[in-house]
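Below is one structure; the comments refer to it alone.
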Amino acid sequence: MSLSPTNKIALFIDGANLYATAKTLGFDIDYKRLLKEFQSRG
Numbered sequence: 001m002s003l004s005p006t007n008k009i010a011l012f013i014d015g016a017n018l019y020a021t022a023k024t025l026g027f028d029i030d031y032k033r034l035l036k037e038f039q040s041r042g
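Numbering (the working numbering), first residue to last: 1 to 42.
Next comes the structure, spelled out in structure tokens:
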């Protein structure tokens, strides 16, 4: 799927639940890397 420059994508992340789930599962999230990944795909 190709987006034109006028199209926008919104991404909403429940940060508290993302953090709690990662902590429960025992891993850390690199939030800067996650942001860059979503920016490169959008």
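Cβ atoms here follow ideal geometry from the backbone N, Cα and C, with glycine treated the same way.
Here the structure is a predicted model, which is why all the values come from computation and not from measurement.
Can you name the start and end residues of the alpha helix (DSSP H) that residue i belongs to?
i     : result
Asn7  : Per DSSP, Asn7 belongs to no alpha helix (DSSP H) and is neither H nor E.
Gly15 : Gly15 to Leu25
So, using beta-carbon positions, are residue i and residue j closer together than 9 Å?
i     : j     : result
Phe38 : Leu18 : no
Ala22 : Ile29 : yes
Quick check: what's the CA-CA separation for residue i versus residue j?
i     : j     : result
Leu27 : Arg33 : Per the sequence shown, the amino acid found at residue 27 is Phe instead of Leu. For Phe27 and Arg33, the distance between alpha carbons rounds to 15 Å.
Thr24 : Pro5  : 39 Å
Tyr31 : Ala16 : 13 Å
Lys36 : Ala20 : 21 Å
Ile9  : Ser40 : 12 Å
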